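The structure appears below as structure tokens.
Number of protein chains: 2
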Amino acid sequence: MLPFARITVVGLGLIGSSIARAVREYMPTARVTGHDADPDVRARVVALGFCHDVADSVGTAVTDADLVILCVPVGVIGEVAREFAADLPADAIVSDVGSSKAGVAAALAEALPGATVVPAHPVAGTENSGPEAGFASLFHDRWCIVTPSEQSTPIAVTRVSSFWEKLGAKVEIMEPKHHDLVLAITSHLPHLIAYTIVGTASDLEDVTRSEVIKYSAGGFRDFTRIAASDPTMWRDVFLANKDAVLEMLQRFSEDLTALQRAIRWGDGDALFELFTKTRAIRRSIIEQGQDDARPDFGRAH
Amino acid sequence: MLPFARITVVGLGLIGSSIARAVREYMPTARVTGHDADPDVRARVVALGFCHDVADSVGTAVTDADLVILCVPVGVIGEVAREFAADLPADAIVSDVGSSKAGVAAALAEALPGATVVPAHPVAGTENSGPEAGFASLFHDRWCIVTPSEQSTPIAVTRVSSFWEKLGAKVEIMEPKHHDLVLAITSHLPHLIAYTIVGTASDLEDVTRSEVIKYSAGGFRDFTRIAASDPTMWRDVFLANKDAVLEMLQRFSEDLTALQRAIRWGDGDALFELFTKTRAIRRSIIEQGQDDARPDFGRAH
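If you read the sequences in order, they're chains A and B. Sequential numbering from 10 applies to the first sequence in this note's numbering. Sequential numbering from 10 applies to the second sequence in this note's numbering.
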């Protein structure tokens, strides 16, 4: 049995378009309606053909849905929900894919009082954006974290979890606040640091931008991939998960200062000790299937 | 015509073993002698079979060479060179692959007065170490930076450059001090930051190590690859290129503090502006063939 029969995806970028494609592939009898605020994106999605229907207004898009998934930047989730609140069927479940969860739960509680809401976050993505960038297997063997709020019923949580499992994901239930702390270190801080170092590199006077690009294979290019992620989405994440990001950033800065001191004073043992410890985490990530085991992520050589 | 006929590789880890394999593949008539200080590595290299000969002492290894390439951590280059100084043929050229160049030139000048030396640095590698990790195509389309010192003759620079081109690399000539500044931002600082954040993540109390591993696909796992690099090699790089690394680290810390302030005060425009700017560098890196254009580096999905 399918957990949902009529699924509406609001926001047809990388994640939204991947969900739509995955539903078509893994739940072929379900009906997929799409909507995006940008008319140009809607036109491209019609041409790409992965939705049964593309609605011009978000109200029309949700009117017949049993699941509505919001795949928009977290900063506009409340606003978008208010826009379709009057058209939402009473038995529909509303979910989302946002990278910060406590704020999303609050925004949806305010915009959709009385509705059934199950916030969720599939930990998956690439550096590309837009409906052309999505693909059906994006969520395979990735974790989807479901963070029930006061608007979640047990049966709704089960149905949303089952939906993600159909798309190939593994589901974990978590407190929204704890989710935000975990993601601050595993995702938000890495993005912040990547954006920063790419910015630092492009502002140098003694090293030209062309040199930075030419010799990027020494490590820098890895950071540029992350720093190519969608700017609107990430601006919203940092503003929405401010406290947890600032807490992790403070710890990171302290640790960096300690390393800076070790370099300045030539304390090779301190460097060696850290550099040895960090190898173990990589091994565990590979063992648990959370990264490609091939050297250099399997890049072509 | 081959630039060299009898090549000795000292240090048979990822880079040394890749050079030996590449010589066998692209300069099949040249003879390759290998040496490693570790008897266990020597035994494995004999079994792997990519050297014509594996010598038990570094003096024996260089005695008949026309090119000696030192592929050892930069901290021991001087010491290793002193060990074979008495056995080095007068017409041999000595080169290396170290990631910092001013210090290497000084160490070799002291250890091998009167010898012909051409320091070089192929900007290529993976996170793996040891003779099993090497492969012949590692240097394809990567840059090799040659940094002539007072011990380099024009003809020796030409021969070493031609050697790297035979291995598939593109060669650039650069001042050692400028090389060290360029690599500080494109390679050394990225490694330092990756080591730091992986260390920060493993020291948290509120987020478990198992959660960090499970949800690493949100960005963190990219950093763990770099932070799995060889600890001895990297300890030596940071100590050898101290001034340039500290300079870049200072700039990075200032930029990170500015972003921290933008997050604290909710300055979304400042975040958006930086996040937009950093996309352009990624595009240039892809256009210039310095990274895999496939999403997520071509990781399997």
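C-beta: ideal position from N, C-alpha, C; glycine also. As the structure is a computational prediction, the values presented were derived from the model and not from experiment.
A distance of 8 Å or more separates the beta carbons of B:Val246 and B:Ser27.
Nearest CB-CB separation between B:Ile206 and chain A: below the 8 Å threshold. Apart from the 5 residues on each side of it in sequence, A:Pro199 sits with its Cβ closer than 7 Å to the Cβ of Ile235 in its chain, given in chain order. For B:Gly87, the uninterrupted alpha helix (DSSP H) run begins and ends at Ile86 to Phe93, by DSSP. For B:Asp300, the CB contacts under 7 Å within the same chain, skipping 5 residues up- and downstream, are Ile294 in chain order. Secondary structure of A:Pro157 (DSSP, three-state): coil.
When only Cα atoms are considered, B:Val19 and B:Ala39 end up about 16 Å apart. DSSP places B:His44 in no alpha helix (DSSP H) but in the uninterrupted beta strand (DSSP E) bounded by Arg40 to His44.
Any Cβ of chain A closer than 8 Å to the Cβ of B:Ser225 would place that residue at the interface, and such an atom is present. In the DSSP assignment, A:Lys179 falls within the unbroken beta strand (DSSP E) covering Lys179 to Ile182. DSSP places B:His200 inside the alpha helix (DSSP H), whose first and last residues are Leu198 to Ser211. The beta carbon of A:Thr233 lies closer than 6 Å to those of Val207 in the same chain, with the five residues before and after it left out. In the assembly as shown, B:Ile154 is a buried residue. Its beta-carbon has 16 or more other beta-carbons within 10 Å. Boundaries of the alpha helix (DSSP H) around A:Val71: Val67 to Val71. A:Gly58 and A:Tyr224 have their C-alpha atoms some 41 Å from each other. By the beta-carbon neighbour count (other beta carbons within 10 angstroms, threshold 16), A:Gln297 is exposed. Of the candidates A:Pro122, A:Tyr204, A:Gly22 and A:Lys186, the residue whose Cα lies closest to the Cα of A:Ile102 is A:Pro122. Considering only B:Val106, B:Ala111 and B:Ser66, the residue with the shortest C-alpha distance to B:Leu97 is B:Ser66.
For A:Ser26, the enclosing alpha helix (DSSP H) has its first and last residue at Leu23 to Tyr35. For A:Phe59, the nearest beta carbon of chain B is not closer than 8 Å to its own beta carbon. When 9 Å is used as the limit between beta carbons, B:Pro157 is near no residue of chain A, the shortest such separation being about 18 Å. Contact of A:Ser26 with chain B by beta-carbon distance below 7 Å is absent, the smallest such distance being about 13 Å. Secondary structure note for A:His130: its beta strand (DSSP E) is the uninterrupted segment Ala129 to Pro131. Cβ-Cβ distances below 7 Å link A:Asp189 to Ser109, Lys110, Ala111, Asn250 and Ala253 in the same chain, with the five nearest sequence neighbours on each side left out; the list follows chain order. Comparing C-alpha distances from A:Ala114 to each of A:Thr156, A:Val89 and A:Pro37 shows the shortest one belongs to A:Thr156. With a threshold of 16 other beta carbon atoms within 10 Å, B:Ala52 falls short and is exposed. When DSSP reads this structure, B:Ser104 sits in a beta bridge with B:Ile78 and B:Val127.
Within the same chain, and ignoring the five residues on either side of A:Ser238 in sequence, the residues whose Cβ sits closer than 7 Å to its Cβ are Glu136 and His200. Here B:Leu23 is actually not in contact with B:Phe172; their C-beta atoms are around 19 Å apart, not less than 8 Å. The alpha helix (DSSP H) runs of length 4 or more contained entirely in the stretch 233 to 300 of chain B are, from start to end of the chain, 240 to 249, 251 to 273 and 277 to 296.
Residue state for B:Thr162 is assigned as coil, using DSSP reduced to three classes.
Judged by DSSP in its simplified three-state form, A:Arg303 adopts coil rather than helix or strand. Bounds of any beta strand (DSSP E) do not take in B:Ile222; it lies within the alpha helix (DSSP H) bounded by Arg218 to Lys223.
Within its own chain, no residue has a Cβ closer than 7 Å to the Cβ of B:Thr69 once the five positions on either side in sequence are excluded. Boundaries for A:Val54: no beta strand (DSSP E) harbours it, while the alpha helix (DSSP H) harbouring it runs Pro48 to Leu57, taken from the DSSP string. Residue pairing of A:Arg151 in beta bridges, as defined by DSSP: absent, with no partner found.
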